[in-house]
Every structure is written in structure tokens, then in C-alpha cells.
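This report refers to the structure that appears directly beneath it.
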Ligand SMILES: C[S@@+](CC[C@H](N)C(=O)[O-])C[C@H]1O[C@@H](n2cnc3c(N)ncnc32)[C@H](O)[C@@H]1O
């Protein structure tokens, strides 16, 4: 009986979301350092002074960030500025050393946040994006369905991988941390389908390394120090 309901559930999802692909990536997030640890280490290693977080919620990360100046933007709770990222970036005139993007987890909003962050980051700065590595199809379905929600942030990382003047990596930690540096893109992604929203989870699974450019935290530390 239980199997029958599971089968029905999957059929319904297929009907609504147009994709039936149930393989999963084997990431075990409990084995890797947290975003909180990594963000603080980057700040310390690079001697950064100015931090911006988009999407703060309960300040689980924001309250832990130890830095000279920090701004947190969220329309609902936490941080220091009660507004959406679009409004913040429109008004803002400051430059930041580290920008952590963790607002609305859709491709459309994330690519806007990435493009605005590129304009707002110092040349030597680093943009970090949360929730870039969904393990299974359900984690990335928009709108949110159940369980941990990465949304389809990963599609914005794929698009960023096609830009000329930034390098984009995904650190294997805490549900996937996208990392963008303002440098010539030495490993630019060549992809035929430029309509990034229409990419499927099966594309992400099968072309995982090309799409996401995954690196370990140890590799990331070397990359950002060179
Ligand atoms: C996953 S939570 C952030 C968690 C937090 N960064 C942390 O590490 O603990 C996402 C937050 O994004 C906020 N959010 C949603 N839409 C947003 C937008 N357009 N601009 C900024 N924040 C947004 C939500 O209100 C929510 O608090």
C-alpha cells in the first residue's frame, strides 16, 4: 500500500515538474565544515573588514560573523536592513570585501543577486552563495516542497560559470557554497542551452563537474590565496 502511494506521489510530481530522475548525489554534509566556519576563516585569512549578508533569517550565521563592519539585509527578520536585496542594491553605494548571498533560493533572484554583488564587491573581494548543491531532485524543486530546500540556485551558478571576468567554484560544504572571484575565467563553461532556467536536475547530475566546478575546502583555501 505504502509503495502504491509513493508511486502515485512520484507520478503527480512528474506531472507538475516535468522531470522524473531519482538518482542522488552522495554528499554527506555532516562531514564538512559549516558556512559559519568557512566565512570566518576567509575573513581572517584575507583580513577583510566589510561584510554583507543577503537573507539573514534568525541570524544563525550573521550573529557569528566577527568583522569590523557588517550589514545584513532581509525583508522579514534578522540582519540590520529590513528590505529586499533588490531594494538594497539599488540604494547602496558601499563596496564590500565579502558578500554572502542566502536570500530567496530561486534561479531568477539568485542570478540578479549575483549580478548586483559583482558590481558591489571589491576587486579583491569574494562572493559566497549558499545552497548550491542539492542532493536530490526534491531539494531543488521550486516552489519548495518538503525537507531541506536548496531551490534552483545551482542554475545561477551554471550561468555564472559562463561569464568572462569572474571565476566560479562550488565548495563541497554546508549544502554547497558557490564562490565567485573577480578574475579572468580560466575554465569558462561552454554550454549550448543558454536558457538556464530550463536546465533539468538530470543535466546537473550528469554534468556535475563541468556545471558546478566543485572543490574541497582545502583546495578553496589555496585558490583564494593565489
Ligand atoms: C535560508 S534563510 C537565511 C539563513 C541565514 N543566511 C543563515 O545562514 O542562517 C533565507 C532568508 O532570505 C530571506 N529573503 C527572502 N527573499 C529575500 C529577498 N528578496 N531579499 C533578501 N532576503 C530575502 C528570507 O526572509 C529568509 O530569512
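Residue numbers (the numbering used here): 82 to 307. Glycine included, each C-beta is placed from N, C-alpha and C at the ideal position. These numbers come from a predicted model, not from an experiment.
Nearest to residue i by CA position, among the options, is which residue?
i	options	result
residue 143	218, 97, 287 and 117	117
residue 259	126, 247 and 238	238
residue 191	175, 178 and 208	208
residue 249	188, 294, 272 and 274	294
residue 215	297, 84, 101 and 108	108
residue 113	245, 255, 126 and 303	255
residue 241	96, 297, 262 and 219	262
residue 283	106, 91 and 97	106
residue 211	189, 152 and 253	253
residue 167	198, 178, 138 and 147	198
residue 267	286, 285, 247 and 280	247
residue 147	164, 165 and 123	123
residue 305	152, 178 and 288	178
In terms of residue numbering, what span does the beta strand (DSSP E) encompassing residue i cover?
i	result
residue 134	131-135
residue 100	No beta strand (DSSP E) contains residue 100, which DSSP labels as neither H nor E.
residue 115	Element bounds for residue 115: n/a, residue is neither H nor E.
residue 178	177-182
residue 284	No beta strand (DSSP E) contains residue 284, which is instead part of the alpha helix (DSSP H) from 282-287.
Quick check: does the Cβ of residue i come within less than 7 Å of any heavy atom belonging to ligand 1?
i	result
residue 190	yes
residue 116	yes
residue 157	yes
residue 183	yes
residue 283	no
residue 135	yes
residue 248	no
residue 165	yes
residue 122	no
residue 154	yes
residue 271	no
In this structure, does DSSP put residue i in helix, strand or coil?
i	result
residue 146	coil
residue 120	helix
residue 151	strand
residue 189	helix
Considering just the uninterrupted stretch of the alpha helix (DSSP H) at residue i, what are its terminal residues?
i	result
residue 234	234-241
residue 301	298-306
Item to complete: Count the C-beta pairs between the region 155-162 and the region 123-143 that are closer than 8 Å, then say yes if the count reaches three, no if not.
Response: yes
Discussion item. Below 8 Å, how does it come out for the region 192-203 and the region 138-156: are there three or more Cβ pairs, yes or no?
Written reply: no
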